[in-house]
Structure formats: structure tokens, C-alpha cells
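Take the sequence shown: its position 164, counting from 1, is numbered 164 in the UniProt record's numbering, and each next residue is one higher. The beta-carbon is built from N, C-alpha and C at its ideal position, and this holds for glycine as well.
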Amino acid sequence: MTKNSVIDDLLDEITSANPDQPEFLQAIDEMAQSIGGWYGKQKDFRKSRVFQRLAEPDRVISFRVSWRDDKGVLQHNRGWRVQFSHILGPYKGGLRFAPSVTESVLKFLGYEQIFKNALTGLPMGGAKGGSNFDPKGKNPAEIERFCQSFMTELSRHIGPDIDVPAGDIGVGQREISLLYGHYLRLSNTWHGALTGKGCNFGGSAVRTEATGYGCVYFCCEMLSHNDMEIEGKRIAISGSGNVALHAAEKAIDMDATVLSVSDSDGVLEFKDGLTKKDLGKVKTLKGKGGHLSDLSIGQFHKGKTPWNLECDIAMPCATQNELDEDAAKTLVEAGVSAVCEGANMPLTAKASEIFRQKRILHAPGKAANAGGVAVSGLEQSQNAMRQSWSAEKVDQELRDIMKKIHSEIVSADTGKKQLSYVDGANLAAFKRVAHAFHSFGSF
Ligand SMILES: NC(=O)C1=CN([C@@H]2O[C@H](COP(=O)(O)OP(=O)(O)OC[C@H]3O[C@@H](n4cnc5c(N)ncnc54)[C@H](O)[C@@H]3O)[C@@H](O)[C@H]2O)C=CC1
Ligand SMILES: O=C(O)CCC(=O)C(=O)O
1 MTKNSVIDDL LDEITSANPD QPEFLQAIDE MAQSIGGWYG KQKDFRKSRV FQRLAEPDRV
61 ISFRVSWRDD KGVLQHNRGW RVQFSHILGP YKGGLRFAPS VTESVLKFLG YEQIFKNALT
121 GLPMGGAKGG SNFDPKGKNP AEIERFCQSF MTELSRHIGP DIDVPAGDIG VGQREISLLY
181 GHYLRLSNTW HGALTGKGCN FGGSAVRTEA TGYGCVYFCC EMLSHNDMEI EGKRIAISGS
241 GNVALHAAEK AIDMDATVLS VSDSDGVLEF KDGLTKKDLG KVKTLKGKGG HLSDLSIGQF
301 HKGKTPWNLE CDIAMPCATQ NELDEDAAKT LVEAGVSAVC EGANMPLTAK ASEIFRQKRI
361 LHAPGKAANA GGVAVSGLEQ SQNAMRQSWS AEKVDQELRD IMKKIHSEIV SADTGKKQLS
421 YVDGANLAAF KRVAHAFHSF GSF
């Protein structure tokens with residue numbers, strides 16, 4: 001079978017089984033393109049349809065979340081937990097609260113999570129969950145009532161050896177605290193059934209910072225492997241949430257010039273580089289749910305993205321498909337050297353293809369943003385051991401894990417002369433999961 005016929009064969013059945021799930025199919029397609037050459041030679045895996053079976057979640061739990069708003073009116077949203085695979089460990093992955101959440105979005109995130117978690121080398125399966133609830137514009141009491149109602153159902157499905165959720169878009173430490181508090185009341189058991197908890201009640205040092213810091217650590221590994229360094233590089237960052245602001249913080253520490261942060265209204269540009277002082281102002285504003293356009297620092301460009309800024313490194317840290325083909329072309333013309341994904345699947349398939357053709361270094365999210373879930377894995381270990389490690393120890397572990405992920409990717413035998421971080425990450429992770437899955441028989 002040629003590579004293309006293998007890929008067509010893999011995609012046909014999954015595509016027809018998942019109509020109207022474009023994000024999920026995009027993630028599946030990327031994996032099939034990366035591993036197709038190798039998979040075509042794996043007779044046993046093809047015969048037992050490992051790829052197709054792995055594309056079917058273990059289960060998708062969907063539920064009603066009823067909550068009362070401040071006017072006393074009963075509202076309801078839909079909640080989900082996609083428990084994709086627990087081959088390598090308990091289900092693990094974040095919860096997202098945003099109006100754009102659909103089953104397709106959570107399935108793509110859950111699928112990516114299986115392979116990201118495999119790359120960390122820690123015993124974690126893959127899952128994702130959340131709700132189409134929009135936290136924007138809700139007051140704290142409404143958020144609390146929503147979180148409690150959401151957990152009333154979710155608590156039946158989670159536990160330290162079953163499924164361990166964490167945060168994602170719209171779910172930060174405030175929401176994790178509310179969710180965990182309600183879980184404790186319902187279960188009457190203290191154990192680490194959630195990660196991202198406050199450090200004074202079982203959370204790990206550095207978990208809040210880990211995704212952004214890890215992304216910069218990975219970027220440094222990738223640059224140094226390719227005879228470059230981060231010092232002095234101009235970095236365009238999108239987003240202004242947990243991942244973006246901690247990536248910006250670490251990049252500034254490493255003497256890079258951070259040119260931007262953004263939100264859905266536009267981009268805030270810092271021509272001479274974001275300073276720690278101004279980063280503090282952005283953090284304070286975002287902590288209160290404000291808009292970047294309200295700040296009187298930098299230059300705000302309404303309705304724009306960071307992708308037309310002249311930069312050396314693009315670091316998309318906001319959301320899926322935020323960087324499209326035109327943006328990729330603009331970045332290439334402006335001389336970008338590397339793209340490092342803080343967000344999950346922030347590039348459209350066409351944008352990704354442009355960077356591949358132009359041989360731009362491109363670190364996919366499942367590698368570059370794995371630092372967050374890796375420190376979640378370390379939080380699970382600390383909870384199980386009833387220990388609390390120092391920030392220095394956790395940060396060192398995080399650096400070591402990002403380094404190890406990088407070296408696994410560059411040594412993955414993709415059969416191609418040109419090093420592709422996308423293919424390397426997909427192949428290294430898929431092999432680990434597929435070998436375990438296959439050995440379980442009719443699983
Ligand atoms: N929090 C974590 O530990 C991890 C998060 N991620 C991924 O990182 C990305 C960001 O997540 P967080 O920072 O945790 O979320 P967050 O909720 O803290 O921040 C999201 C930010 O993105 C901005 N945003 C949303 N849509 C946008 C758009 N279209 N254009 C520009 N900005 C937009 C929002 O204004 C907000 O500032 C997501 O893709 C998430 O899945 C990945 C690994 C771990
Ligand atoms: O920390 C975790 O469990 C999950 C983090 C996450 O949602 C992600 O890696 O996309």
C-alpha cells in the first residue's frame with residue numbers, strides 16, 4: 001500500500017463516523033499524515049485497526065448543568081467529559097468553559113491529550129471536558145453556582161485513579177478551587193481528584209506557570225538544536241491568559257523581546273518589548289476580567305492579530321485555528337524562524353503546511369505545551385505521596401521533561417531527511433500508545 005492509500009484508508013471510516021466534527025477530524029488528519037508512512041508497514045496494527053479504534057473515545061459523557069442566575073432565573077448549559085483513553089494511566093486533561101465548546105472541540109482536545117501525555121513519559125491517559133457556559137460577564141456567585149452544579153454530575157466520573165481533570169480556557173485557579181471544594185463535600189474523601197489546586201490545599205508549586213514556562217523551555221531546546229538562541233529574539237505572542245502571560249514572563253527572563261499579547265478584541269503591541277512592569281499591569285487587568293484595549297500601555301490595534309508583526313518567533317497561546325494560511329504567509333515573508341505552539345492546535349492545517357514547505361521550525365502544542373499537564377502529573381505524585389515539593393524542584397523537573405520530549409522528537413525515525421517536529425512528536429507518541437493498546441488484544 002502507498003502512503004496515501006494507507007492514509008485514505010485510515011481517514012475514510014473515521015470521517016464518515018464523525019460528521020460535523022471538523023476540529024476532531026483536523027486532529028485525526030494531522031496524525032494520519034504524520035504516521036502514515038510508518039503505519040503502512042505495521043501489518044499487525046493495520047489488521048487490528050489500531051488507528052481507527054484509537055480514534056473512538058472510551059466514552060463521551062454529556063450532561064445537563066442547571067444553575068440559578070442572580071435574578072433567580074433557572075439557566076442550563078451542556079457539560080461533557082470525553083474520557084478518550086486510559087491505556088497509559090488515569091484519564092487526564094483540562095476542563096474548558098467557553099461558549100465555543102462543542103463535542104468536536106472536546107474530542108480534538110482529548111485526542112491530542114492522549115499523545116501529549118504520552119510524550120511526558122508520565123502515567124497519564126487522555127481526556128478533556130467542559131461546558132458551553134460563558135464565564136464572561138457572570139458575577140462570582142453565578143460562577144460558584146455553575147461550578148457546583150457542574151461538579152455534582154462530574155464527581156460521579158472522576159477520582160485519583162479514574163480521571164483527574166484540571167483547568168483550561170475559562171477555568172483557572174478560582175474555578176478549580178470551587179470545583180474541588182464541592183468535590184470534597186460530595187465525596188468526603190481528601191485525594192487529588194483535580195490538579196491545578198491552590199498550593200495551600202494540595203496544589204503543586206509552578207503548576208500555574210508550567211504551560212507557559214514549559215513552552216519557552218521547549219523553544220530554547222529547539223533553537224539550540226538548530227544553532228540559534230532565544231536571547232535577543234523578537235517573539236510575537238497571542239492571548240493574554242494563563243499560557244500567554246507565563247510564556248511572556250519566562251521569555252523576558254531569558255532576554256527575548258516580547259512584542260505582543262492579544263485578546264479577542266485585538267492586539268496590544270510593544271515595539272520596544274514588553275517590560276516586567278507592564279506585564280504586571282496586564283496580569284492585574286486580566287485577573288479582573290478586563291480588556292487589553294482598556295490599558296494605556298503599548299499600542300492597541302483593534303481587530304488585529306499579532307501575525308503581521310515582524311518577528312523571529314511566533315508563539316500562538318490563545319485558541320485553536322487562530323493562525324491561518326494568510327497569517328502564515330505574512331509571517332514567512334517577514335522572516336519568522338520558528339513557531340512554538342502554547343495553545344492546542346492553534347494553526348489551521350493550511351498554515352501548518354505553509355511552515356512545512358518553507359522549512360520553518362514548528363513545535364506542535366502536544367510537545368511545546370506539555371509542561372502544564374506534566375506538572376499536573378507531578379501534582380498527582382505529590383498528592384499520592386502526601387508531599388509538597390519546592391518550586392525549585394518542580395521547575396527543574398519541568399525543564400528535564402521538556403528537554404526529554406525534545407530529544408525523543410528529534411530522534412523519532414520519521415523516515416524523512418528534513419526534521420519535522422510535528423511528525424516527530426506524532427510518531428514518537430503514537431508508537432508508545434499503539435504498542436500498549438495492541439498488546440491489550442480486543443480492548
Ligand atoms: N492552562 C493550561 O495549563 C493549558 C492550556 N493550553 C491551551 O492554551 C490555550 C490558552 O489557554 P489558557 O491560557 O489556559 O486560557 P485562559 O482562559 O487563561 O486564556 C485564554 C486567552 O485567550 C484569549 N483569546 C480567546 N480567544 C481569542 C482569540 N480568538 N484571539 C486572541 N485571543 C483570544 C482570551 O482573551 C484569553 O486571554 C488553549 O488553547 C488551551 O487549550 C494547553 C496546555 C495547558
Ligand atoms: O493539567 C492538565 O491535566 C491538563 C492541561 C491541559 O488541559 C492541556 O494540556 O491541554
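Taking only the alpha-carbon atoms, compute the straight-line gap between residue i and residue j and give it to the nearest angstrom.
i	j	result
Ala351	His362	11 Å
Ser187	Asp163	14 Å
Gly79	Val65	6 Å
Asp294	Glu310	24 Å
Ala425	Lys271	34 Å
Ile7	Gly172	38 Å
Ile35	Thr414	8 Å
Thr189	Gly125	23 Å
Glu392	Gln75	45 Å
Lys128	Gly372	14 Å
Ala251	Gln83	34 Å
Glu379	Gly202	8 Å
Thr102	Ile143	20 Å
Gly170	Asp69	18 Å
Determine, using beta carbons only, whether residue i and residue j come nearer to each other than 8 Å.
i	j	result
Leu178	Cys219	no
Ala210	Pro160	no
Glu30	Ala349	yes
Lys286	Ile297	no
Leu347	Pro306	no
Thr195	Ser376	yes
Glu221	Asp255	no
Trp67	Arg145	yes
Val261	Cys215	no
Ile313	Lys233	yes
Ala32	Arg432	no
Report, in whole angstroms, the separation of the C-beta atoms of residue i and residue j, which I expect to be a contact under 8 Å.
i	j	result
Gly110	Pro57	6 Å
Ala367	Ile405	5 Å
residue 444	Ala343	Residue 444 cannot be examined here, being either before or after the span of the chain that is shown, 1 to 443.
Lys288	Asp265	Wrong, their Cβ atoms sit about 16 Å apart, outside the cutoff.
What residue from the options has the CA that sits closest to residue i's CA?
i	options	result
Lys276	Lys302, Tyr183, Leu245	Leu245
Gln382	Gly371, Glu144, Arg207	Arg207
Asp168	Gln21, Ala318, His191, Asn4	Ala318
Ala436	Val60, Lys71, His86	His86
Leu274	Gly290, Glu249, Asn369, Asp265	Glu249
Pro316	Ala334, Glu341, Gly335, Phe300	Glu341
Glu23	Phe108, Arg59, Lys92, Leu88	Phe108
Phe63	Gly170, Ser390, Lys417, Met151	Met151
Met345	Gly335, Gly365, Ala334, Val267	Gly365
Arg359	Ala370, Asn369, Gly335	Gly335
Leu427	Lys136, Ala384, Val332, Lys116	Lys116
Fill in: the segment 354-374 touching the segment 326-338, judged by at least three CB pairs closer than 8 Å
yes
Worksheet item: Three or more C-beta pairs closer than 8 Å, one from the segment 91-106 and one from the segment 32-50: is that the case here?
Response: no
Item to complete: Would you check if the segment 1-21 and the segment 43-62 touch, i.e. whether three or more CB-CB distances between them fall below 8 Å?
Response: yes
Worksheet entry | the segment 131-139 contacting the segment 68-83, beta-carbon criterion three pairs below 8 Å | Taking a contact to require three or more Cβ pairs closer than 8 Å, the segment 131-139 and the segment 68-83 qualify as touching.
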